[in-house]
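**Q** There's a structure below that I have some questions on.
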Amino acid sequence: MSAPTATQTPVTVLTGYLGAGKTTLLNRILSEQHGKKYAVIVNEFGEVGIDNDLIVDADEEVFEMNNGCICCTVRGDLIRIIEGLMRRKDRFEAILIETTGLADPAPVAQTFFVDDEVRSKTKLDAIVTVVDAKHLLGEIDQAHEAQEQLAFADFVVLNKTDLVSAEELVAVEARIRRINPTAMIKQSTRCDVPLDQVLGRGGFDLDRVLEIEPDFLDGDHDHEHDDHVTSFSLVTDRPLDPRKFLPWVEMITQRFGMDMLRMKGILAFDDDDDRFVVQAVHMLLEGGHQRAWKKNEPRVSRLVFIGRNLPKDIIEDGFMKCRVKPERIAALSA
347 MSAPTATQTP VTVLTGYLGA GKTTLLNRIL SEQHGKKYAV IVNEFGEVGI DNDLIVDADE
407 EVFEMNNGCI CCTVRGDLIR IIEGLMRRKD RFEAILIETT GLADPAPVAQ TFFVDDEVRS
467 KTKLDAIVTV VDAKHLLGEI DQAHEAQEQL AFADFVVLNK TDLVSAEELV AVEARIRRIN
527 PTAMIKQSTR CDVPLDQVLG RGGFDLDRVL EIEPDFLDGD HDHEHDDHVT SFSLVTDRPL
587 DPRKFLPWVE MITQRFGMDM LRMKGILAFD DDDDRFVVQA VHMLLEGGHQ RAWKKNEPRV
647 SRLVFIGRNL PKDIIEDGFM KCRVKPERIA ALSA
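Start counting the sequence shown at 347; every next residue gets the next number (the numbering used here).
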């Protein structure tokens with residue numbers, strides 16, 4: 347694949363199933379010293395944004411698209427954002443697109459071929475798919491999106507290899523190769539791959555994609571999500587009591603973990619000046635302080651759940667019971 351011309355801006359699409367580590371890789375790209383400046387487009391499956399706030403503080407342009415899959419309802423937004431970026435392309439050298447974990451990358455890639463203005467000013471450099479080595483084999487046969495993400499990958503970051511045995515790793519790689527025999531695979535822990543193997547490689551191969559999907563350039567793409575996969579968000583502006591919240595979140599992760607594809611949140615704890623970030627993939631839960639709340643930043647707690655048939659009413663009731671009592675807030679403000 348030829349390199350972008352001087353008038354074409356290279357675009358890298360970061361994809362991968364829920365919880366694989368896409369935002370971790372994105373943060374590495376934005377924080378390492380490589381001398382390049384990126385515009386970033388983040389897409390989320392849900393009405394309340396989380397990923398944008400999990401991106402490291404950087405000078406990059408960050409655009410967020412909520413409440414829809416980038417390959418479906420907001421594809422027009424993607425085109426408009428790219429066209430807007432092209433009017434100020436002197437401010438960056440390349441574009442990164444992080445898709446929701448439920449996105450089929452085919453129509454995202456199509457955008458750079460079927461829209462004339464986008465095609466003339468940008469060039470798809472590569473589709474980079476991040477894979478969760480721990481959970482891939484348990485998800486791949488029932489997750490059409492995960493299969494599509496691997497099929498279209500030019501580069502596969504096989505992440506979280508520290509959580510599996512050598513035998514399991516061999517099985518995971520073999521499963522990936524059954525779907526995509528040509529993609530480069532690089533094993534990683536917390537996406538610690540050399541960035542020069544991911545970016546600026548001109549890896550997107552249109553001929554290979556046309557073998558997978560002969561109608562790729564037609565512009566029409568019928569993409570259906572698993573109807574059982576839904577998302578919901580929990581929001582409160584009342585501080586949370588960590589002595590209640592932390593045991594509660596551990597409990598629901600164990601209780602509903604098999605059906606909880608992804609959970610992530612930014613939390614405001616009582617008497618704590620730092621934001622607390624919590625994330626889970628199935629029964630794997632991690633959390634910790636991220637950074638201080640900014641001076642004029644609303645201290646609002648937000649949790650987003652994506653899963654199969656999760657009982658929102660039970661989870662919401664437990665979450666709300668983790669809030670500090672109103673009389674404590676009144677006492678502190680008195």
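Virtual Cβ for every residue (Gly too), placed ideally from N, Cα, C.
All of these numbers come straight from a predicted model, not from anything done at the bench.
1) Just to confirm, are Arg648 and Ile612 a CB contact at a threshold of 7 Å?
2) Would a C-beta distance cut-off of 7 Å place Thr507 and Leu515 closer than the cut-off?
3) Mapping DSSP to helix, strand and coil, what is Val476?
4) Pairing CB atoms from the region 485-499 with CB atoms from the region 443-453, are three or more of them under 8 Å?
5) Using a C-beta cutoff of 7 Å, does Asn642 count as contacting chain D?
6) Where in the region 432-478 do unbroken runs of the beta strand (DSSP E), each at least 3 residues long, occur, reported from the N-terminal end onward?
7) Give me the DSSP bridge partner(s) of Lys532.
8) Going by DSSP, what residue range makes up the beta strand (DSSP E) through Ser647?
9) Kindly list the residues whose CB is nearer than 6 Å to the CB of Ile428, restricted to its own chain and excluding five residues on each side of it in sequence; keep chain order.
10) Whole angstroms are fine: how far does the CA of Lys671 sit from the CA of Glu378?
11) The alpha helix (DSSP H) with Phe665 in it runs from where to where?
12) Between Thr358 and Val627, what straight-line distance do the alpha-carbon atoms span, to the nearest angstrom?
13) Mark Ile660 as exposed unless 16 or more other C-beta atoms lie within 10 angstroms of its C-beta, in which case mark it buried.
14) Would you call Thr475 buried or exposed, if buried means 16 or more other Cβ atoms sit within 10 Å of its Cβ?
15) Rounded to a whole number of angstroms, what is the C-alpha to C-alpha distance between His635 and Phe459?
16) Do you know how far the Cα of Arg524 is from the Cα of Gln600?
**A** In brief:
1) yes
2) yes
3) strand
4) The region 485-499 is in contact with the region 443-453.
5) No chain D is part of this structure, which consists of one protein chain only.
6) 440-444 and 468-478
7) Val503
8) Ser647 to Arg654
9) Taking C-beta separations shorter than 6 Å and ignoring five residues to either side along the sequence, the partners of Ile428 in its chain run Val464, following chain order.
10) 43 Å
11) Lys658 to Met666
12) 25 Å
13) exposed
14) buried
15) 42 Å
16) 32 Å
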